[in-house]
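**Q**
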Amino acid sequence: MIISMVSCNSNKTQKIPEGFREIPLEFGQGFKIYEKEKLFLLEIRPFPANDQKVFHYLVGASQGDFKGESSRGYTQITADGDAIVLSETTQIPHLVLLDAADKLVAFPNLDLISSEVVREKINQGSIEDLGSGPSLNFEKAVDLSPDWVMVSSFGDGLKKADQLEKGGIPVVINNEFLESHPLGRAEWIKFTGVLLGKYAMADSVFKIIRDNYLLTKKVSQAISKEKRPTVLSGNFYRDIWYAPGGNSWMSQLILDAGGLYVFQNLPGRGSLELNYEYVLDRAKDADLWIGASDYKDLTSMDHSDRRYRDFKAFKDKQVYTYTLGRGEKGGILYFEEGYLRPDWVVMDLLKIMHPSLAKDHQFHYFTPLYE
Amino acid sequence: MRQRPILSAQHLTLGYGSHLVTENLSFELFEGEITCLMGPNGVGKSTLIKALIGSNPPIKGDIILNGKNLNHFSRGSLSRQLSVVLTDRIISGNMRVKDLVALGRLPFTGWWGHLRTNDRMVIENVLQATHIEYIKESKISELSDGQLQKVMIARALAQDGKIMILDEPTAHLDLINRFEIMYLLRKLAKESNKAILVVTHDLEIALETADQLWIMSCETPLTCGSPEELMISGEINQLIPGKKWGINSNTGKIELNLPFQYPEVIGPDILKIWIQSAIKKLHPLSLPPHLIIKAAQKPFSIEVQIGSINQAFSSLSEFTAYLKNNFKKNS
Amino acid sequence: MNNPAKHTFYFLIGIGTCLIIWLFNLGTGSVIIPVSDLVKRPFEGPFPREAWEIILMEYRLPKSITAMLAGIGLSISGLQMQTFFRNPLAGPYVLGISSGAGLGVGILSMAGTALGWQTMVGYGAGWPIILAASIGSILVLLLIGLTAWRVRDSMTLLILGLMFGSIASAGLHILAYFSEAEQLKMFMIWSMGSLGDTGWDQVKVLAVAILVGLIPVILWIKPFNAMLLGENYAQSLGVNTTHLKWVMIISTGILTGSITAFCGPIAFIGIAIPHIARMAFKTSDHKILFPAVALIGTIGVLFCDSLSQLPGSYQTLPINAVTTLIGAPVVIWLIIKRDFSKEF
């Protein structure tokens, strides 16, 4: 039996619960892990710009571990369950890397998933589709009565979570998308690890990713400012240019791969909405254009908006998209896996910006566009 | 012998689609005459007007305009023969009088609507004829109802057709404007030799000004004739359905048909009429059959012989009070 | 008092204002190009700064022409509808015509995705989208026409328009529900309206469409004056009101449809500009009003676009939000302050 209750403590300067010891994180800002004997306590912390509640999840390996422990009103989760539901494709590779794909019983809109391991299970019919609408099918989810559901607080995620809680299903909030440092985002594998009872494994997976990433960063740090190419990112939707903000994940990656991001000085963790004139004035002469939507070639790009021609990177055919890896149903692998594998993303970027420094690297996600 | 009618029809059937409104209408409209179309509400006057202006053709029968079937006129050529003044509200209060009148020249101008010298002359003439030159620069929203009606008539005149049809042009006007408008129309009919058809409920004015009456009633489809003819023949009473009301063939007024006789008042004309009118309002009284005014002086004082009694009164109210007190029914 | 002379004077003032606002519009944005440089540009050739050159020639010039075309088309649609419905509160946006155009575009883009055409994006795709939007507009107009043709009461007409607009929006929402995230986003952005998405190719297409939409108005300009007296009087003046009805529907449909297709819904221009023109020119003669409305509409949309560019910043406000912020108070003021019968 699981007692399902969300603690709604909005006190942000919370002390470590008595008897627990913090396991410090290296990059992640949005959660904390505490430990006490056989128990883990996960804490979802609000980001400064994001006025959110604090959530706590008490995780034990099995039901017996909670004995003698006050629930404090926290959601209790047993890590030995075998039926979980995820709601975002970015959560999928966590299961794959932690060797727990078997536990996934349902997901909204299965066609979005690209991971080969999970696709095989889908084809075997062992994963339920929770509907293709913008919100997951509540009734089906309740009917499956999974051990827990992971929901992103993006959009109306929290409302969704609340609804599921009322349906008696434990919900964990995943705020991974709010992390602006690529390694911070990847570190969320520890969060999933705790929930699956595989913290040690998650820790070692993260260490590999971190070491790879930092190695690339070390290489690129040696590159002088003059040798760094200027990088443009994003594309038009009608006459608004959407580009990653200066504090975003992508911005950090460009920097760590030895590039100069043209919108570095515009604050924003998420997407910027820029007007054409500004973009043209700022980025007309940028050397590289990385992350230009999902165009299949330069011709179709030119066809969709003739103003792309005004950019040097386009004229020089230095346009890269993230569409190299695709799943069986056409999903873009980068969007699913890239956030957990910044080490691969940064290597891809290094190869684009400084090919001589990454001769042996094979592109994972990025590809140049041809005519 | 009168001239050939400009507009006529024999045995028309009117209605909308399969819904019959009225049938067997025959009439003739002559130039230089005012014709008043009268009849109770719902008898089909509007349907007839719509048929005449070509917007709802008859189900059966032909309307002949100038010797030609009305159906064979194009909208444009019809608009040069026939103009209208309707009850539709004019919402363009921003428009100036002269511009509204100028709209009457629309059927004669090219696609851009440019007014030529001739058009301007016609406009000047109708402004004069309708006595509205002095307000030609005014906005429609600044006009009184009577002025607006004259402007609308001027606009219809500017259309320069032989026929003008007006739908209740005097409906919302005060007493004096009602006469003004009708006499204006009469003058236009005579001076410019127009055939003018006026829909009206105003019996008094119709009797006074019309050359012809067209009376529509529920029983008989359409009766034509001069007001005087119809008055004498009593056909005028078709205007009034039922037996409760009637038209006094002496005065042309509508009166209650009462089952008893009023006393006859004998005396000077003005006194006779108005004392009779006052006595009617006192009803019911049991009065002798004759009241004879023996003497009258100004300011008001009269001596009246009532039956066998002679009595003097210094005011009309004294007189009526006396009658009320002394001739109560059943007293 | 000499009206023609006064009107000529007003037109000259209007053209002057229009030129000034146009120069201002060309000069301001994220990047400020001084007016002195702008004026020299036609004589001295391209700017030495290449970014200025591209911004002016490839972005601001087509954008300003789109703004002008939108101003002309929407205000003339509004004037036609107000005269025809004899209703001072009629206009392409309030009566749901823009929503109808939106639905047309939505259906086309859905069908396009299903059949593998690129419809929402792409410079090549101009005509299909215009056609779809025009058909959508015309359908809503027909529906309003069928139900409200004889409704003289402003409020009833407005409520009917609101209802048809809602139905069209509901249709759009259902479409959006079934479309993919990418398309949905496209749609959201589209519904905010924008003038800057039209390149030269599209400006050409739009200009031709606007011209086609204006031709019936120019040919039937005289009957519109007759319509001021109402349908019955117009008929008695020899006007074929059924023809005129179609002229109004087709012209408004093409004008509103093509503008909505390229720029998204732009609110309140169609309803507010004709009133401003009537007040300024103090006439109800359509021979004066149509050009006046076109001129003031041009000024109005150029002005709103200049504001939406938030000169100096790196962001742009949706044009629809700006026209609403400016146009809605004008309409509210009209409703409260004015006796329409005096100004119509």
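Residue numbers (my numbering), protein chains in the order written: chain L, 1 to 371; chain B, 1 to 331; chain G, 1 to 344. Where a beta carbon is used, it is the ideal one built from N, C-alpha and C, also for glycine. None of the values given here were measured: they were computed from a predicted structure.
Do the CB positions of residue 247/L and residue 44/L come within less than 7 Å of each other?
**A** Cβ distance not < 7 Å, so residue 247/L and residue 44/L don't count as in contact.
**Q** Taking the CB atoms as reference points, tell me whether residue 281/G and residue 267/G lie closer together than 7 Å.
**A** Contact: no.
**Q** Give a yes or no on whether the C-beta atoms belonging to residue 298/G and residue 129/G are separated by under 7 Å.
**A** Not in contact: residue 298/G and residue 129/G (Cβ atoms no closer than 7 Å).
**Q** Apart from the five residues on each side of it in sequence, which residues of its chain come closer than 6 Å, Cβ to Cβ, to residue 68/B?
**A** Nothing listed; no residue qualifies.
**Q** In whole angstroms, give me the CA-to-CA distance for residue 308/B and residue 263/B.
**A** Residue 308/B and residue 263/B: Cα-Cα distance of roughly 14 Å.
**Q** Residues in the stretch 50 to 68 of chain G with C-beta within 9 Å of chain C's C-beta atoms, listed in sequence order?
**A** Any reference to chain C falls outside this structure, whose protein chains are L, B and G.
**Q** Relative to the C-alpha of residue 94/B, which residue among 264/G, 285/G, 29/G is closest?
**A** Of 264/G, 285/G, 29/G, the residue nearest in Cα terms is 285/G.
**Q** In whole angstroms, what is the alpha-carbon distance linking residue 304/B and residue 178/B?
**A** Whole-angstrom Cα-Cα distance: 38 Å.
**Q** Check whether chain L comes within 7 Å of residue 197/G, counting only Cβ atoms and requiring the distance to be less than that.
**A** For residue 197/G, the answer is yes, since a Cβ of chain L falls inside 7 Å of its Cβ.
**Q** Residue 63/L: which of 56/L, 70/L, 76/L sits nearest, CA to CA?
**A** When only C-alpha atoms are compared, the closest one is 76/L.
**Q** From the beta carbon of residue 235/G, is the nearest beta carbon of chain B less than 7 Å away?
**A** Yes, residue 235/G lies at the interface with chain B (some Cβ there is under 7 Å from its Cβ).
**Q** Do the stretch 211 to 223 of chain G and the stretch 244 to 256 of chain G make contact, defined as three or more Cβ pairs closer than 8 Å?
**A** Touching, yes, given that three or more Cβ pairs across the two stretches are closer than 8 Å.
**Q** Counting only beta-carbon atoms, is residue 275/L nearer than 7 Å to chain G?
**A** Closer than 7 Å: yes.
**Q** Alpha helix (DSSP H) containing residue 178/B: first to last residue?
**A** Segment 175 to 191, the alpha helix (DSSP H) holding residue 178/B.
**Q** Flag this pair as yes or no: are the beta carbons of residue 268/L and residue 245/L separated by less than 7 Å?
**A** For residue 268/L and residue 245/L, yes; Cβs fall inside 7 Å.
**Q** Please state whether DSSP places residue 243/G in a helix, a strand or coil.
**A** Helix, per DSSP.
**Q** I think residue 302/G touches residue 64/G, with their Cβ atoms under 8 Å apart; what is that distance to the nearest whole Å?
**A** Yes, residue 302/G and residue 64/G are in contact; Cβ-Cβ is about 6 Å, under 8 Å.
**Q** Closer than 7 Å, CB to CB, is residue 28/G near chain L or not?
**A** Taking Cβ atoms only, chain L never reaches closer than 7 Å to residue 28/G, which makes this a no.
**Q** Strictly under 7 Å for the Cβ-Cβ distance: is residue 8/L near chain G by that measure?
**A** No answer about residue 8/L holds up, because its pLDDT of 42 lies below 50 and its placement is not dependable.
**Q** Chain L partners of residue 31/G, CB-CB under 9 Å?
**A** Those are 277, 278, 280, 281, listed as they occur along chain L.
**Q** With DSSP collapsed to three states, give me the class of residue 245/B.
**A** The answer is strand: DSSP assigns residue 245/B an E or B state.
**Q** Counting pairs of Cβ atoms below 8 Å between the stretch 202 to 211 of chain B and the stretch 47 to 66 of chain B, do you hit three or more?
**A** Output reads no: the stretch 47 to 66 of chain B does not touch the stretch 202 to 211 of chain B.
**Q** Which word fits residue 263/G, buried or exposed, when buried means at least 16 other C-beta atoms lie within 10 angstroms of its C-beta?
**A** With 16 or more other Cβ atoms within 10 Å, it is buried.
**Q** Could you tell me whether the stretch 65 to 81 of chain L touches the stretch 187 to 206 of chain L, using the rule of 3 or more Cβ pairs below 8 Å?
**A** Output reads yes: the stretch 187 to 206 of chain L touches the stretch 65 to 81 of chain L.
**Q** Rounded C-beta distance between residue 221/B and residue 24/B? I'm assuming under 8 Å.
**A** The pair is a contact, with the Cβ atoms about 5 Å apart (cut-off 8 Å).
**Q** Helix, strand or coil: how does DSSP classify residue 248/L here?
**A** Looking at residue 248/L - three-state DSSP - the assignment turns out to be coil, as it is neither helix nor strand.
**Q** Closest Cβ-Cβ distance between residue 284/L and chain G: below 7 Å?
**A** So, interface residue.
**Q** Taking residue 74/B as the reference, give the member of 37/G, 170/G, 235/G with the closest Cα.
**A** For residue 74/B, the nearest C-alpha among the options comes from 235/G.
**Q** Quick one: which residues of the stretch 209 to 242 of chain L get their C-beta closer than 7 Å to a C-beta of chain G? List them in chain order.
**A** Answer set for the stretch 209 to 242 of chain L: 237, 238, 239, 240.
**Q** I want to see whether chain G comes within less than 7 Å of residue 61/L, judged by CB atoms only; does it?
**A** No, no contact with chain G.
**Q** Between the C-alpha atoms of residue 275/B and residue 187/B, what's the straight-line distance to the nearest angstrom?
**A** Going from the Cα of residue 275/B to the Cα of residue 187/B covers about 36 Å.
**Q** At the 7 Å Cβ level, is residue 306/L part of the contact set with chain G, yes or no?
**A** Chain G contact via Cβ: present.
**Q** When burial is assigned at 16 or more other CB atoms within 10 Å of the CB, is residue 111/G buried or exposed?
**A** Classification of residue 111/G: exposed, given that the 10 Å Cβ count is below 16.
**Q** By the three-class DSSP mapping on this structure, what secondary structure does residue 278/L have?
**A** Residue 278/L falls in the helix class under three-state DSSP.
**Q** Use the C-beta contact count for residue 7/G: other C-beta atoms within 10 angstroms, 16 or more gives buried, fewer gives exposed.
**A** So residue 7/G ends up on the buried side.
**Q** Exposed or buried, which one is residue 147/B when buried takes at least 16 other CB atoms within 10 Å?
**A** Classification for residue 147/B: buried.
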